[in-house]
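Engineer:
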Amino acid sequence: MRLLDSVLNLVLRPNCPLCDRPLNGQELCLACQRRLDDCRQRNPRQQWRGELPLFAWGTYNGTLKRAIAALKYENNPQLARLLGHRMAEAWQESPRLPKSLMVVPIPMHPDKQRQRGFNQAERLARYFCDLTGFPLAAKGLQRVKNTQPLFQLTPQQRQQTLFKAIALGPAFQRRPPRQQVLLLDDIHTTGTTTLEAKAVLQQHHISVAGVAVLAKTQR
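First residue of the sequence shown? That's 26 in this note's numbering, and the numbers climb one at a time after it.
As structure tokens, this is what we get:
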């Protein structure tokens, strides 16, 4: 029986989604976790200023880029727990950041969400809120236009594509928040999406403190 249990444990034990090594109850193996932490920015709140203050946990390259791809495109929603907790821990360690916020994830169009099975920004936000204690408004915003992927578009094309693509969600239609909002997304490239989300909220007299992202591109 012990031999059978050992064989079953070996066969059924999940492997690391990044390197395929056997896991021991964690989302990533220890080696990949160390490489992931190497992608963390020294000062995630360095750009917490200006028109839309930005908190970015890491730089979008290496193991962090690979982990985001595994989360979004390889059906590994369990990675959101590790990544969302990393964001929350860095937020709690950073001085001079707001302590009373409502978190609103950047929405995904329902068609895309059905195809993927989940909205990665919402998953990250849930685990971020688990540690920070911030309330989550998962439906604070909604995507009302199914846009093409933005990563190959110019900033001007992004603005045109996102025009009226985001609207106030049912959560805030019923009851606007009393506290400031923290937008949350997986990747920050040009900021076009988050600026559009901020504009929608401000049109309804909802104050936006800034945006928290898992990764910021280097361009």
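Virtual Cβ for every residue (Gly too), placed ideally from N, Cα, C. Fair warning: this is a prediction, and the values are worked out from it, not measured in the lab.
1) Please give the ranges of any beta strand (DSSP E) in the segment 66-154, keeping only runs that are unbroken, at least 3 residues long and fully inside the region.
2) Would you call residue 85 buried or exposed, if buried means 16 or more other Cβ atoms sit within 10 Å of its Cβ?
3) For residue 168, write down the residues that DSSP places opposite it in a beta bridge.
4) Can you give me the C-alpha to C-alpha distance between residue 190 and residue 218, rounded to a whole angstrom?
5) Have a look at residue 164 and residue 72 and give me their C-alpha separation to the nearest angstrom.
6) Output needed for residue 40: all residues of its chain with C-beta closer than 7 Å, excluding positions within five of it in sequence on either side, in chain order.
7) Checking the sheet assignment: what are the DSSP bridge partners for residue 241?
8) Determine, using beta carbons only, whether residue 115 and residue 131 come nearer to each other than 9 Å.
9) Are residue 104 and residue 187 close, meaning C-beta to C-beta below 9 Å?
10) Any contact between the segment 194-212 and the segment 224-241? By contact I mean 3 or more CB pairs, one from each, below 8 Å.
11) Going by the CB atoms, is the gap between residue 122 and residue 80 shorter than 9 Å?
12) Can you tell me which of the three DSSP states residue 156 falls into?
13) Count the other CB atoms, across all protein chains shown, that sit within 10 Å of the CB of residue 158; report buried if there are 16 or more and exposed otherwise.
14) Just the C-alpha distance for residue 44 and residue 240, rounded to the nearest angstrom, thanks.
15) Taking the straight line between their C-alpha atoms, what separation do you get for residue 195 and residue 139?
Structural biologist: Result, derived from the coordinates:
1) Counting whole runs of 3 or more residues, the segment 66-154 contains the beta strand (DSSP E) stretches 79-84, 126-130.
2) The residue is buried, with at least 16 neighbouring Cβ atoms inside 10 Å.
3) Paired residue(s): 191.
4) So the two alpha carbons sit approximately 9 Å from each other.
5) Taking the straight line joining both Cα atoms gives about 27 Å.
6) Excluding its 5 nearest sequence neighbours in each direction, residue 40 has C-beta neighbours in its own chain below 7 Å: 46, 47, 48, listed in chain order.
7) Partner(s): 84, 213.
8) Against a cut-off of 9 Å, the Cβ pair of residue 131 and residue 115 comes out as no contact.
9) Not closer than 9 Å, so no.
10) The segment 194-212, when compared against the segment 224-241, does touch it at the 8 Å Cβ threshold.
11) Taking 9 Å as the cut-off, the Cβ atoms of residue 80 and residue 122 count as close.
12) In the three-state scheme derived from DSSP, where H, G and I count as helix and E and B as strand, residue 156 is classed as helix.
13) Answer is exposed; the Cβ neighbour count stays below 16.
14) Their Cα atoms are separated by approximately 20 Å.
15) Residue 195 and residue 139: Cα-Cα distance of roughly 19 Å.
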